[in-house]
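What follows is one structure encoded as structure tokens, with my remarks underneath.
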Amino acid sequence: MERELLIECQRSNRSAQRKVYETMAGKLYSVCRRYLKNDEDIEEVLADTFYKIFTKITQLQNLDTFEGWARKIAVNECLQKLRATKAQFVSMDDDFVETSGTLSESISFEKDILSLLNFLPEGCRAIFNLFAIEGYPHKEIASMLSISEGTSKSQLNFARKKLQELLVNQNI
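Per the working numbering, the sequence shown starts with residue 314, numbered consecutively.
Spelled out as structure tokens, the structure:
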């Protein structure tokens with residue numbers, strides 16, 4: 314991201330904000346998509362994310378960290394949405410994964426294996442994303458989601474197991 318563009322955003326320049334939005338919207342949409350299934354929820358979270366970005370950008374001291382900072386805002390907004398909707402965690406006794414659709418016969422690598430995350434319950438998916446993709450430790454995940462560390466670990470284990478099953482069933 315160009316430093317001058319971000320400086321203009323700090324000055325509330327609407328044209329600069331639009332350029333930042335156009336540059337970052339796709340990236341942040343992808344982040345949100347890993348946590349949320351519903352397109353309406355994703356759009357709502359994206360709107361909240363950009364609102365927070367543009368109202369808090371003056372607090373960002375190091376403009377070189379903008380993209381990571383914006384990504385963290387998006388993740389936090391997704392987690393807030395999950396907490397608000399009381400995302401359900403699965404019982405370790407469940408032998409199924411509830412889905413809103415069916416797996417296509419072959420998942421193309423162009424769409425990425427991350428698309429399989431859509432077939433996990435929201436709570437499991439959030440923990441998998443936070444641990445495996447974002448790199449948060451279980452202690453921090455537990456704090457962020459108001460769950461125990463043990464729950465975080467067991468949900469990660471459940472997510473890994475189900476993802477393995479999905480990969481095997483799709484011969485990937």
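All C-beta atoms, glycine included, are put in the ideal place defined by N, C-alpha and C.
Quick one: give me the first and last residue of the alpha helix (DSSP H) that residue i is part of.
i	result
Gln323	316-323
Ala439	435-441
When the Cα of residue i is compared with those of the options, which residue comes out closest?
i	options	result
Ala300	Leu319, Arg396, Cys437	The requested residue 300 does not occur in the structure, where the chain is confined to residues 314 to 485.
Lys385	Gln330, Leu359, Thr398, Ala397	Leu359
Leu341	Ala329, Glu462, Met314, Val388	Val388
Glu353	Lys394, Arg473, Glu453	Lys394
Arg331	Lys474, Gly448, Ile366, Ser459	Ile366
Ala439	Gly463, Ala472, Thr336	Ala472
Ala397	Glu357, Thr371, Thr368	Glu357
Glu447	Gly381, Ser467, Asn482, Glu335	Gly381
With a Cβ-Cβ cutoff of 8 Å, do residue i and residue j count as a contact?
i	j	result
Leu469	Phe441	yes
Glu435	Lys350	yes
Arg346	Ile355	yes
Leu376	Arg316	yes
Leu476	Leu443	no
Ser461	Ile454	no
Leu392	Met457	yes
For residue i, does the three-state DSSP call read helix, strand or coil?
i	result
Ile460	coil
Glu478	helix
Leu373	coil
Lys350	coil
Thr398	coil
Asn470	helix
Asn326	coil
Glu447	coil
Phe409	Residue placement at Phe409 is poorly supported in this model, since its pLDDT is 44, which falls under 50; the coordinates are not used for a value here.
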